[in-house]
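Here's the structure, in C-alpha cells; my notes come after.
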Amino acid sequence: MYDSERCPYPTGGALPRLLRSCLAFCAAAWVFSAPPAWCGEWRVYPIRLHFEPGTRIGTLNVRNDGDDAMNFQVKAMEWTQDPDGKDAFTETNDLIFFPKLLLIPPREERVIRLGLKGPGGPLREKTYRLFVEEIAPPRADPHSGGAVVAVNIRFAVPVFVQPVKEDVSGQVVKIELFRGTVSATLRNSGNVHFRVPSLVFRGKDSTGRDTFSQTADGWYLLTGSTRAFSTRIPAEACRKSERIEVEGATDRALILRGDLMVDRNQCN
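Residue numbers (numbering that gives the first Met the number 0): 0 to 267.
Have a look at this one:
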C-alpha cells in the first residue's frame with residue numbers, strides 16, 4: 000500500500016515499469032494541477048473538501064474511466080502533525096459518510112456524501128483525510144517472471160472544517176546551515192492550515208548579488224504545527240555568500256521570510 004494522494008504501489012512482487020512511470024507522473028500532477036485528481040483508470044474530485052461555518056454536508060465524486068468495473072473502500076481519519084511536522088492519522092467518528100464500499104461500472108461515477116457530527120465552526124480548524132482506495136484483484140506482472148502483484152491506488156482527500164473566524168499566521172522560526180545543507184523551520188501560529196508549495200533559499204554576497212538559488216519542496220502546515228525544510232547548497236556558492244535568504248509563499252496570501260548570516264566553516 001502506498002499511503003499517498005498520488006499513485007499506485009504494488010503490495011507484492013517487483014514494481015512494473017508502467018507503475019514507475021505512473022508514480023512520477025501522478026506525483027507531479029497532484030501537486031501542480033487543478034482538480035480532479037487522477038491516476039490510472041479512475042479519479043476523484045474535488046481534491047479538497049472545505050466545510051465553511053454553517054455547512055455540514057459535502058460530496059466527493061469517484062469516477063471509473065476504465066473498461067472494467069472497479070471496487071472501492073472508503074475510510075475517514077483525523078489528520079494531525081507530530082512535533083516534526085510529519086503527518087499522522089487516527090481513526091475518527093467526526094465524519095459521517097456513505098457509502099463505505101462502492102462498485103462502479105465502467106465509464107460511470109458515484110457520489111460519496113459526507114456529514115459533520117457535533118457543532119460546526121470550531122475555534123481552530125479541524126482537519127481530516129478521506130481515504131478512497133481501490134480494491135484491485137491480483138494480476139500477473141509480465142516484467143517480473145509472472146509474479147503475482149496486487150496494485151492498490153489510494154487517494155487521501157483533505158477535509159477542512161473551517162473556524163468561525165480565520166487567523167492566518169506563520170513565521171520562519173529558525174534557519175540553520177550545517178555541512179552544506181541549509182534548513183528552515185516554519186511554524187503555523189494561526190488557527191487554520193496553510194500550504195507552502197516550495198521554499199526558495201537564495202544566497203547573497205556582500206554587494207547583494209545572488210550567489211545561488213535553491214528550491215525545496217514544501218507541504219501543508221496544519222494549525223500549531225512546525226516543520227523543517229532543507230536543501231543542499233553548492234560549496235563554492237556557499238563560500239561566496241554573506242547571507243542566505245529564505246522565502247516561502249503560501250496559498251493564503253501569506254509570505255514567510257527569514258535570513259541567516261553564513262558561517263563559511265559550515266559550507267562543506
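Note that CB positions come from ideal geometry on N, CA and C, so glycine has one too.
Alpha carbon of residue i to alpha carbon of residue j, nearest angstrom
i, j, result
"GLU124", "PRO157", "12 Å"
"TRP29", "PRO45", "Here the model assigns TRP29 a pLDDT of 39, short of 50, so the residue's position is not dependable and the matter cannot be decided."
"ARG238", "ILE232", "10 Å"
"ASP250", "GLY117", "29 Å"
"ALA183", "LYS173", "6 Å"
"GLY189", "GLY84", "15 Å"
"GLY53", "GLU165", "14 Å"
"VAL181", "LEU101", "46 Å"
"GLN213", "GLY202", "9 Å"
"THR279", "ARG153", "Because the chain in this structure spans residues 0 to 267, residue 279 falls outside the shown range and cannot be described."
"TYR127", "TRP78", "5 Å"
"GLU51", "ALA236", "47 Å"
"ASN187", "ASP66", "45 Å"
"ASN286", "LEU59", "The structure shown has nothing for residue 286, since the chain only spans 0 to 267."
"LEU113", "ALA248", "31 Å"
"GLU132", "GLU90", "16 Å"
"GLY207", "PHE193", "31 Å"
"HIS49", "VAL43", "15 Å"
"GLU40", "ILE95", "27 Å"
"GLN205", "SER240", "Note on residue identity: the sequence assigns Ser, not Gln, to residue 205. C-alpha separation (whole angstroms): 7 Å."
"PHE97", "ASN264", "59 Å"
"LEU198", "GLN161", "26 Å"
"PRO137", "THR225", "40 Å"
"PHE228", "ALA155", "22 Å"
For residue i, the first and last residue of its enclosing alpha helix (DSSP H)
i, result
"ALA236", "234-238"
Under 8 Å between C-beta atoms of residue i and residue j
i, j, result
"GLY120", "VAL163", "yes"
"ARG242", "ASP262", "no"
"VAL283", "GLY217", "In the structure as shown, the chain starts at 0 and stops at 267, and residue 283 therefore has no counterpart that could be examined."
"LEU255", "LEU185", "yes"
"ALA215", "CYS266", "no"
"VAL171", "VAL191", "no"
"LYS99", "VAL61", "no"
N- and C-terminal bounds of the beta strand (DSSP E) containing residue i
i, result
"ARG178", "Here ARG178 belongs to no beta strand (DSSP E), and DSSP marks it neither H nor E."
"GLU77", "69-80"
"HIS49", "48-50"
"VAL156", "153-160"
"TRP279", "Since the first residue of the chain shown is 0 and the last is 267, residue 279 is not available in this structure."
"ARG226", "225-231"
"LEU59", "56-63"
"ASP86", "86-90"
"VAL43", "41-44"
"SER205", "Counting along the chain, SER205 falls outside any beta strand (DSSP E), and DSSP gives it neither H nor E."
"LEU253", "Looking at the DSSP string, LEU253 is not in any beta strand (DSSP E), and its letter there is neither H nor E."
"GLY247", "242-248"
"GLU132", "125-134"
Exposed unless 16 or more other CB atoms sit within 10 angstroms - verdict on residue i
i, result
"VAL110", "exposed"
"ALA87", "exposed"
"ALA252", "exposed"
"THR210", "buried"
"ARG47", "exposed"
"PHE200", "buried"
"MET260", "exposed"
Whole-angstrom C-beta distance between residue j and residue i, which should lie under 8 Å
i, j, result
"PHE159", "MET76", "That pair is no contact at about 14 Å."
"ASN70", "GLU107", "No, ASN70 and GLU107 are not in contact; Cβ-Cβ is about 13 Å, not under 8 Å."
"PRO104", "ALA68", "5 Å"
"GLY169", "LEU220", "7 Å"
"LEU115", "ASP93", "7 Å"
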